[in-house]
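So the structure is just underneath, and the comments pick up after that.
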Amino acid sequence: MDLAPSEEMKEKPSDVLKVPFGTVFTDHMFSMRFSAKKWHDARIHRYAPLSLSPAALCLHYGQGIFEGMKAHRRGQRILLFRPEKNFSRLNQSAIRMVMPEVNIDFALEVLKELLRVERSWIPEVSGSSLYIRPTMIGTQEKLGVKPSDEYLFYIILSPVGPYFKEGFSPVHIYLSTDYVRAARGGTGAAKTMANYAASLLAGTKAAELGYSQVLWLDALERKYLEEVGTMNIFVKFDDELVTPPLTGSILAGITRDSVLTLTKDMGLKVSERQISIGEVIDGINSGKVTEMFGCGTAAIIAPVGSLWYKGRPYTIADGKIGRLTRHLFDELTGIQSGELEDPYGWVVEVEH
Ligand code: PLP
Ligand code: COI
16 MDLAPSEEMK
26 EKPSDVLKVP
36 FGTVFTDHMF
46 SMRFSAKKWH
56 DARIHRYAPL
66 SLSPAALCLH
76 YGQGIFEGMK
86 AHRRGQRILL
96 FRPEKNFSRL
106 NQSAIRMVMP
116 EVNIDFALEV
126 LKELLRVERS
136 WIPEVSGSSL
146 YIRPTMIGTQ
156 EKLGVKPSDE
166 YLFYIILSPV
176 GPYFKEGFSP
186 VHIYLSTDYV
196 RAARGGTGAA
206 KTMANYAASL
216 LAGTKAAELG
226 YSQVLWLDAL
236 ERKYLEEVGT
246 MNIFVKFDDE
256 LVTPPLTGSI
266 LAGITRDSVL
276 TLTKDMGLKV
286 SERQISIGEV
296 IDGINSGKVT
306 EMFGCGTAAI
316 IAPVGSLWYK
326 GRPYTIADGK
336 IGRLTRHLFD
346 ELTGIQSGEL
356 EDPYGWVVEV
366 EH
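Each number in this note's numbering comes from the position in the sequence shown (counting from 1) with 15 added on.
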């Protein structure tokens, strides 16, 4: 470990809830390198810029993957939420992008050690957490298109409040009919950097109209709901809660999986099936769509207040937060922060 002397440590934000998401980073990070077919040089060290060849393969051909998870603090306790799922998804992304896998137990141990080092950075105020960003990039210096022989894996930490500046209030989403994010057989199910790059242009159009996220349709028919920019999507039609199935072009969200478990246990009728945009628009017009929300690690549960589709906005259920949406937000944040009992064994405590 190469730890910063206390006089060189950064000042922490006085009000983390006001800090724009992902703009402040802690004093230390974890990194390790891969070459000659194995991981080595694993260490916790000061947060610092990377040194990378300008010909590094990741900079040209996009061999890069990442994860997003959160640590919560409750008194002296540090809590993670289903972290092994994130590392196993990282490995699935690695397989898709022809990158080396990491040992999940090892990755979890080094993350816990980093969190112990950065304990004082984990905010405790309600609505805040320490966002964790494991990242892997291909670093070999070469211009030929091929999988890199060398990689850097690192974990950085950022104290955060709500992902949307509105906090837990309805977000307005823009349905893109001009662009698609990912096609089946492509990389949509991997958490790889290019998927986000592909989303930026539609995101800019959405922002110009005052919308905070893009809702994507399937690439082939441009008819079925896929997911939102940084979230999976759920629609409640009368008493049926529906989310699109995992067909390979969307991310298998860990929050999505948790919502499916929570709602099934509540006795709700829950379906993973295709949802056409026509069904949604008809349902909004007839009042059959009673709630719509997005879910993801950063955004948690985000009620959808309105949807922009083909030149006009559609308000969902008076633009108010639905009962189920609110309940799921309370339940999930309660379990994640240790305020509520966790009957599922989802919370992993970082021992002292
Ligand atoms: N879909 C996309 C494109 C995302 O970036 C995210 C965020 O990670 C999600 C869905 C939700 O996934 P999770 O709940 O695992 O954070
Ligand atoms: C997350 O929810 O962790 C994400 O990855 C979303 C985003 C900040 C890219």
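Just so you know, even glycine gets a beta-carbon here, dropped at the ideal spot from N, CA and C.
In this chain, residue 212 is not harboured by any beta strand (DSSP E); it is covered by the alpha helix (DSSP H) spanning 208–223. With a threshold of 16 other beta carbon atoms within 10 Å, residue 146 meets it and is buried. Segment contact: the region 141–161 against the region 55–72, three or more CB-CB distances shorter than 8 Å; contact assigned. Cβ-Cβ distances below 8 Å link residue 100 to 269 and 272 in the same chain, with the five nearest sequence neighbours on each side left out; the list follows chain order. Closest in C-alpha terms to residue 218, from the list 207, 187 and 238, comes 187. Distances taken from the Cβ of residue 346 to the heavy atoms of the ligand PLP include none shorter than 7 Å. The alpha carbon of residue 80 has as its nearest neighbour, out of 30, 211 and 173, the alpha carbon of 211. Per DSSP, residue 351 has no beta bridge partner at all.
Set against 7 Å, the gap from the CB of residue 211 to the closest heavy atom of the ligand COI is smaller. Here residue 206 is buried, its C-beta having at least 16 other C-beta atoms within 10 Å. Per DSSP, residue 269 lies in no beta strand (DSSP E); the unbroken alpha helix (DSSP H) holding it starts and ends at 269–280. Around the CB of residue 86, 16 or more other CB atoms lie within 10 Å, so the residue is classed as buried. Look at the region 62–130 and you find these whole runs of beta strand (DSSP E), each 3 residues long or longer: 79–81, 84–89 and 92–96. Shortest gap from the CB of residue 148 to any heavy atom of the ligand PLP: 7 Å or more.
For residue 137, the three-state secondary structure derived from DSSP is coil. Secondary structure of residue 30 (DSSP, three-state): coil. Relative to the Cα of residue 301, the nearest Cα in the group 263, 50, 332 and 216 belongs to 332. The straight-line gap separating the alpha-carbon atoms of residue 43 and residue 192 is approximately 42 Å. In terms of Cβ geometry, residue 362 and residue 130 do not form a close pair [threshold 8 Å]. If you draw a 10 Å sphere on the C-beta of residue 364, you find fewer than 16 other C-beta atoms in it, and that means exposed.
The C-alpha of residue 163 lies about 32 Å from the C-alpha of residue 132. Here the alpha carbon of residue 114 sits roughly 25 Å from the alpha carbon of residue 313. For the options 35, 320, 39 and 62, the alpha carbon positioned closest to that of residue 46 is the one of 62. For residue 152, the enclosing beta strand (DSSP E) begins and ends at 144–153.
Listed as beta-bridge partners of residue 174 by DSSP are 145.
Here residue 76 has 160 as same chain residues with Cβ atoms under 7 Å from its own Cβ, once five neighbours each way along the sequence are excluded. Nearest to residue 286 by C-alpha distance, out of 258, 264, 307 and 345, is 258. When DSSP states are grouped into helix, strand and coil, residue 285 belongs to the strand group. Residue state for residue 237 is assigned as coil, using DSSP reduced to three classes. DSSP places residue 293 inside the alpha helix (DSSP H), whose first and last residues are 292–301.
Bounds of the beta strand (DSSP E) holding residue 251 are 247–252. In the same chain as residue 278, and ignoring 5 residues on each side of it, the C-beta atoms closer than 6 Å to its own belong to 256 and 285, in chain order. Between the ligand COI and the CB of residue 245, the shortest heavy atom gap is smaller than 7 Å.
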